[in-house]
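Those letters in the sequence shown? Residues 0 to 381, per numbering that gives the first Met the number 0, in order.
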Amino acid sequence: MGIPFLQMVQVGAYVARQHIMGRKRYPLVLMLEPLFRCNLACAGCGKIDYPDEILNQRLSTEECLSAVDECGAPVVVLAGGEPLMHHDLPAIVEGTLAKGKYVTVCTNALLLDKQIDRFKPHRRFNWSIHLDGDAGMHDHSVCLDGVYDRAVAALKNAQARGFRVTINCTLFNNADPERVAAFFDKMKALGIEGITVSPGYAYERAPDQQHFLNRSRTKQLFRDIFACGRNGKAWPFFQSPLFLDFLAGNRTYQCTPWGNPARTVFGWQRPCYLLGEGYAPTFKALMEETDWDAYGTGRYEKCADCMVHSGFEASSVRDSFERPWQLLGILLKGFRTKGPMAPEIALTSQRPADYVFSRHVEEKLAELARESAPREHLPAAE
Ligand code: SF4
Numbered sequence: 000m001g002i003p004f005l006q007m008v009q010v011g012a013y014v015a016r017q018h019i020m021g022r023k024r025y026p027l028v029l030m031l032e033p034l035f036r037c038n039l040a041c042a043g044c045g046k047i048d049y050p051d052e053i054l055n056q057r058l059s060t061e062e063c064l065s066a067v068d069e070c071g072a073p074v075v076v077l078a079g080g081e082p083l084m085h086h087d088l089p090a091i092v093e094g095t096l097a098k099g100k101y102v103t104v105c106t107n108a109l110l111l112d113k114q115i116d117r118f119k120p121h122r123r124f125n126w127s128i129h130l131d132g133d134a135g136m137h138d139h140s141v142c143l144d145g146v147y148d149r150a151v152a153a154l155k156n157a158q159a160r161g162f163r164v165t166i167n168c169t170l171f172n173n174a175d176p177e178r179v180a181a182f183f184d185k186m187k188a189l190g191i192e193g194i195t196v197s198p199g200y201a202y203e204r205a206p207d208q209q210h211f212l213n214r215s216r217t218k219q220l221f222r223d224i225f226a227c228g229r230n231g232k233a234w235p236f237f238q239s240p241l242f243l244d245f246l247a248g249n250r251t252y253q254c255t256p257w258g259n260p261a262r263t264v265f266g267w268q269r270p271c272y273l274l275g276e277g278y279a280p281t282f283k284a285l286m287e288e289t290d291w292d293a294y295g296t297g298r299y300e301k302c303a304d305c306m307v308h309s310g311f312e313a314s315s316v317r318d319s320f321e322r323p324w325q326l327l328g329i330l331l332k333g334f335r336t337k338g339p340m341a342p343e344i345a346l347t348s349q350r351p352a353d354y355v356f357s358r359h360v361e362e363k364l365a366e367l368a369r370e371s372a373p374r375e376h377l378p379a380a381e
């Protein structure tokens, strides 16, 4: 099925309004991380390597809903950490839906069966279940046997209860194209609404640093996968076709990280969902005070291999809006899987990586210590 028609129309109208208003940078998808705590410890994840004091932090329902208002993006993705470990997730979802947003909860589904009665199906709400391939691939990716089977059982249960269900799949350099294609076939046969797929970002804090894809491997991998499924037309992707065409090496994009701004327990993360190089206290400060030109392919070493949807999907949506005729060939023929690749942005002038993680953690811990310190007694009012 892919992205529902009404969602495409409503998001398209939002994009049109931004262009009419002459906005150079605008958010499309708010990445809202109400906690970092997770009940898994995946080898390719760089999001949960924090001390307990930080893992125990939660954004309140009020903070989440105020972030939704501040940002104004038409789509809100609740991620983490594992969002189902946040006790107030149902209220956050309900409150965000009440604001007219499309809401996706990204989950590993381990708690889904237990908690599903706390949620109600809605046409603007979907579960996005994390599955990095078939049972062998996924259990290897999440470093725990049996997770695939539990996630698929929860997926079927959610479907049976009338929820919209998609999957999100992150691929690494050990992915076998035919096996990935067979997995997509299987998911399609299960009747899922869509597939979101992306190469893994090489998080500096991820335990496994050996299996991240570089740009040329990413493009060839996606070409090989699409070639197994009628040039990609066999599957219901829940993504912009031009982003997938970018993954297949058929277009050159610079990232537009403001398209998927991230709000975490640290604040508004700059520059993007993947990189925490600093934090802004408000969305306005994030948009106006970030040195956006300091980031992106060819500008910064940590961006060199990034082709992740949270950085580039907004670039492709903008391109689809400005040159919609490009979609026609893809809709008719699928993605090109042979022939020369689009030119690559040169990496020769990128600035070296700045390692700031420890400083941010220390600052946050100091802030938490200040907040929990006993306050001096003030004299009682007379
Ligand atoms: S390329 Fe863009 S989206 Fe990717 S890590 Fe760099 S700033 Fe973030």
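Glycine included, C-beta positions come from ideal geometry on N, C-alpha and C. Computed from a prediction, not measured in an experiment: that's the story for all the values here.
Alpha carbon of residue i to alpha carbon of residue j, nearest angstrom
| i | j | result |
| --- | --- | --- |
| Met84 | Pro50 | 17 Å |
| Thr251 | Pro342 | 6 Å |
| Val360 | Glu366 | 10 Å |
| Thr60 | Phe334 | 41 Å |
| Ala72 | Gly135 | 37 Å |
| Pro206 | Ala40 | 9 Å |
| Lys337 | Asp68 | 44 Å |
| Glu203 | Ser309 | 17 Å |
| Glu312 | Leu27 | 9 Å |
| Glu191 | Asn125 | Residue 191 is actually Ile in this sequence, not Glu. So the alpha carbons of these two residues sit roughly 11 Å apart. |
| Leu285 | Glu62 | 16 Å |
| Lys218 | Ala233 | 19 Å |
| Pro378 | Val264 | Because the pLDDT at Pro378 is just 49, under 50, the model does not fix this residue reliably, and the value given afterwards should be weighed accordingly. Their backbone Cα atoms lie some 34 Å apart in a straight line. |
| Gln349 | Tyr294 | 9 Å |
| Glu93 | Asp48 | 30 Å |
Per-residue burial, residue i [other beta carbons within 10 Å of its own, 16 or more giving buried]
| i | result |
| --- | --- |
| Tyr354 | exposed |
| Ala239 | The amino acid occupying residue 239 in the given sequence is Ser; Ala does not appear at that position. Classification of Ser239: buried, given that the 10 Å Cβ count is 16 or more. |
| Gly231 | buried |
| Gln268 | buried |
| Arg369 | exposed |
| Val8 | exposed |
| Asn55 | exposed |
| Asp318 | buried |
| Leu88 | buried |
| Lys301 | buried |
| Val10 | buried |
Presumed contact (8 Å Cβ cut-off) between residue i and residue j, rounded CB distance
| i | j | result |
| --- | --- | --- |
| Arg262 | Glu52 | Not really, about 19 Å apart at Cβ, beyond 8 Å. |
| Asn156 | Ile115 | 7 Å |
| Gln325 | Leu246 | No, Gln325 and Leu246 are not in contact; Cβ-Cβ is about 15 Å, not under 8 Å. |
| Leu154 | Ala108 | 6 Å |
| Leu170 | Leu243 | Actually they do not touch by this definition, with Cβ atoms about 13 Å apart. |
| Phe320 | Val75 | 21 Å between Cβ atoms; not a contact. |
Span of the alpha helix (DSSP H) around residue i
| i | result |
| --- | --- |
| Gln238 | Element bounds for Gln238: n/a, residue is neither H nor E. |
| Pro89 | Leu88 to Ala97 |
| Ala108 | Taken as a continuous stretch (DSSP letters only), Ala108 belongs to no alpha helix (DSSP H), as it is neither H nor E. |
| Gln158 | Val146 to Ala159 |
| Arg216 | Arg214 to Ala226 |
N- and C-terminal bounds of the beta strand (DSSP E) containing residue i
| i | result |
| --- | --- |
| Ala279 | Gly275 to Ala279 |
| Pro198 | Gly193 to Pro198 |
| Leu77 | Val74 to Leu77 |
| Ile128 | Phe124 to His129 |
| Ala261 | Ala261 to Thr263 |
beta-carbon residue i near the ligand NAD non-hydrogen atom, thresh 7 Å
| i | result |
| --- | --- |
| Lys46 | This structure simply doesn't include the ligand NAD; it includes the ligand SF4 instead. |
Exercise. So, do the region 108-125 and the region 10-18 have three or more beta carbon pairs nearer to each other than 8 Å?
Worked result: No: fewer than three Cβ pairs fall under 8 Å.
Exercise. With contact counted as at least three CB pairs below 8 Å, one residue from each stretch, are the region 271-287 and the region 210-226 in contact?
Worked result: Fewer than three beta-carbon pairs drawn from the region 271-287 and the region 210-226 are found closer than 8 Å, and the two stretches are therefore not classed as touching.
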